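Shown next, in structure tokens, is the structure this report addresses.
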Amino acid sequence: MGNGHHHPHPHSHGHGHTHGHGHGHQAAAPEAVPAAFDLTVPDGELSPEQLSRRSLVRRAGLLGAGLAAGGALGGVGAGQAAAQTRAASGHARRESRAGRYLWLAGDHHIHTQYSSDAKYRVVDQVRQANAHGLDWMVVTDHASEQHAKIGVEKVNPDIVAARDAIEDTLVFQGLEWNIPAAEHGTVFVHPGRNEVSVLKQFEVSYDGGLNKATGSTPANEALAIAGIDFLAAQVRRRTVKDALFLANHPARKGIDSPHEIRGWRDAQPHIAVGMEGAPGHQAGGLPAPYGPGSARGIYDNSPGADSFAGYPPESYRTWGGFDWMTATVGGLWDSLLAEGKPWWITANSDSHNVYADTAVRGPHDDFAADGRHADPVHGGGPNLTDTDFWPGQYSRTHVGAASFSYQAVMDGIRAGRVWVDHGALISGLDARLRGGGRETTLGGTLHVRKGGKVDLVVEISLAGGPNWAQFVPKLARVDVVLGEVTGAVSDRDVFATPDTRVVKSFEVNKSTGHVRLTYSLGRVDRPVYVRLRGTDGNRSAVGVRGAAVDPAGPAMDVLGDADPWKDLWFYSNPMWVLPA
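Residue numbers (the UniProt record's numbering): 1 to 580.
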């Protein structure tokens with residue numbers, strides 16, 4: 001596939017990163033052990049508040065090695081890391097070599113008062129992310145003239161203060177890039193002394209809005225590639241320790257053409273690693289008068305002058321809350337995977353203004369002059385026309401990390417050890433391909449002898465408690481999607497592949513505990529990839545490419561009547577099999 005460095009065998013990750021906050025070990029809990037500290041109580045049976053407390057002490061290394069008995073499966077929200085203790089870097093290294101990871105939930109697309117169309121303080125978003133069970137998050141205020149002049153510097157002290165105040169959520173600084181000739185994207189860097197200067201130089205030099213480079217022209221497309229190259233150069237020169245770019249809401253306006261996506265990925269596959277499989281703004285579909293009465297993800301557009309002409313009208317809508325590029329079996333995402341190109345999906349809040357929150361911008365607000373909105377204040381009644389959820393309240397991106405650290409999260413994203421869910425549909429996912437005495441997990445490649453037998457083994461931890469809408473989600477079905485790897489395409493604007501389909505659907509007849517599913521790929525004599533999808537079964541429809549490809553996929557969301565809590569899905573990133 002020419003990209004072997006993107007498919008590390010899980011045993012190859014021996015990072016020993018630690019959080020580095022210097023927590024000390026404390027005395028044992030008193031005899032009447034609170035549920036949060038009682039390891040005989042599964043994470044799924046704890047309230048969100050108890051989970052948050054358990055998460056805090058777990059990361060401090062205060063809950064011992066008994067956690068390892070949980071296997072590779074985590075619990076709800078912050079408890080995703082339940083399988084391993086974080087007591088020492090040596091232990092983390094042992095766990096990594098054993099192919100086990102800390103599954104850390106996060107969100108790489110979050111706005112604050114430093115975005116012209118948002119209102120919350122950094123600490124508000126970090127506190128909410130932490131309370132809703134997130135382990136990591138990225139602050140991504142919009143690139144703009146005001147942001148370039150003021151925002152990058154002014155937001156940094158707020159981020160640094162939040163890192164110190166809320167130690168058990170990793171807070172990255174990034175920005176939302178106006179990609180030249182295309183949509184928006186998350187760009188973020190590893191924390192360090194140059195995080196501000198690198199982001200500022202990137203924004204000034206390569207932002208499509210600032211550089212009047214928004215139109216779909218070859219010159220603007222080249223500027224986008226130059227921006228990605230710039231990020232790679234900063235990492236290569238060790239100006240920053242690491243950097244990543246992910247495309248946001250890619251099908252929303254139809255302006256991320258297939259060849260642009262391929263171009264970003266091919267230019268710097270270590271930097272440009274994926275896209276939002278599901279956009280934020282999921283509350284947009286809540287019906288009026290008690291909701292915005294709009295569209296999930298604010299995907300209510302029609303083709304414009306810069307839209308890619310080949311995209312059909314249905315691409316401008318979400319499907320079960322997911323972007324059309326991801327939701328279509330045999331569609332654009334699969335066309336990249338069938339080339340053997342690692343390109344990962346995420347799910348995020350895009351949190352600007354939260355549905356039913358009561359905050360409004362404070363007095364004497366002047367974004368143009370200050371580069372930030374005034375601190376929010378209580379505004380009275382709930383804002384029922386706002387379209388967003390808090391980070392972690394609905395959408396979660398789960399990353400398999402070798403330890404609880406910034407670098408381990410970035411490594412996990414880059415390696416594709418990622419699965420995503422809505423509404424806490426499931427609590428944990430462990431998927432592996434096994435064959436020839438080897439195994440690999442999400443994002444990885446299994447190398448086997450030609451004709452060797454390969455099995456998919458999936459363990460799912462079902463929802464063990466209510467989500468933030470106060471009901472316990474029920475997983476109804478899990479689908480196995482399999483595709484043949486056919487190699488590079490001659491037409492870089494291809495957005496379909498003929499050899500990918502749902503090959504197996506498992507009905508789930510349990511509502512609590514764990515589910516173990518196995519599917520035999522048989523004797524594999526050509527390269528293939530496998531990915532997973534699951535649903536609560538509330539809304540399904542024959543897929544875009546027909547029943548033979550996808551007999552019961554997500555249905556297109558209805559504008560003005562798409563309650564996100566009534567249509568829940570999870571998706572995993574792929575695993576490949578390479579026979580030789």
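A virtual CB, placed ideally from N, CA and C, is assigned to each residue, including glycine. None of these values were measured; they are calculated from a predicted model.
Partner residues in the beta bridge of residue 520, as assigned by DSSP, are 455. Taking C-beta atoms as the reference points, residue 44 and residue 511 fail to come closer than 8 angstroms.
The C-beta distance from residue 555 to residue 320 rounds to 7 angstroms, short enough to meet the 8 angstroms contact threshold.
Proximity to residue 255 across 519, 189, 179, 482 peaks at 179, based on C-alpha coordinates.
Rounded to whole angstroms, the gap between the alpha carbons of residue 153 and residue 196 is 6 angstroms.
For residue 142, the enclosing beta strand (DSSP E) begins and ends at 136 to 142. For residue 173, DSSP records a beta bridge to 139, 189. Of the residues assessed, residue 119 falls on the buried side of the cut-off, its CB having 16 or more other CB atoms within 10 angstroms. Collapsing the DSSP output to three states places residue 421 in a strand. If you look at residue 398, you'll find it in the beta strand (DSSP E) that goes 395 to 401.
For residue 134, the CB contacts under 8 angstroms within the same chain, skipping 5 residues up- and downstream, are 77, 78, 105, 106, 107, 169, 391, 392, 396 in chain order. By the C-beta density criterion, residue 378 is exposed, having fewer than 16 other C-beta atoms within 10 angstroms. Note on residue 536: 16 or more other CB atoms within 10 angstroms of its CB, so buried under the neighbour-count rule. Put simply, the backbone Cα of residue 463 is about 14 angstroms away from that of residue 430. The DSSP-derived three-state label of residue 326 is helix. Just so you know, the alpha carbons of residue 300 and residue 294 end up roughly 7 angstroms apart. With respect to residue 148, residue 203 sits close: the two C-beta atoms are nearer than 8 angstroms. DSSP, reduced to helix, strand and coil, places residue 247 within a strand of the structure shown. Counted as a single uninterrupted DSSP element, the alpha helix (DSSP H) harbouring residue 412 occupies residues 406 to 415.
In the structure shown, the three-state DSSP call for residue 197 is helix.
For residue 259, the three-state secondary structure derived from DSSP is helix.
Shown here, residue 390 sits in coil according to DSSP, grouped into three states, outside any helix or strand. Counting other Cβ atoms within 10 Å of its Cβ, residue 117 stays below 16 and is therefore classed as exposed. Non-local C-beta neighbours of residue 516 in its own chain, meaning closer than 6 angstroms and more than five positions away in sequence, comprise 459, ordered along the chain. Beta bridge pairing from DSSP links residue 111 with no other residue. Residue environment: residue 165 is assigned as exposed (fewer than 16 neighbouring CB atoms within 10 Å of its CB, all protein chains considered).
In this structure the stretch 464 to 476 does not lie against the stretch 435 to 452, because fewer than three pairs of beta carbons, one per stretch, are closer than 8 angstroms. For residue 324 against residue 251, the beta-carbon gap comes to about 5 angstroms, under 8 angstroms, which counts as contact.
With fewer than 16 neighbouring CB atoms inside 10 Å of its own CB, residue 217 falls in the exposed class. In the DSSP annotation of this structure, the continuous segment of the alpha helix (DSSP H) that includes residue 236 starts and ends at 218 to 236. Looking at the backbone, the Cα of residue 273 and that of residue 551 are separated by about 30 angstroms.
Taking C-beta separations shorter than 6 angstroms and ignoring five residues to either side along the sequence, the partners of residue 174 in its chain run 138, 140, 186, 187, 188, following chain order.
The beta-carbon distance between residue 342 and residue 269, rounded to whole angstroms, is 7 angstroms. This is short enough to meet the 8 angstroms contact definition. DSSP, reduced to helix, strand and coil, places residue 573 outside both helices and strands of the structure shown, so it counts as coil.
DSSP, read as helix, strand or coil, puts residue 159 in helix.
Taking the Cα of residue 506 as reference, the smallest distance to any Cα among 519, 494, 549 is reached at 519.
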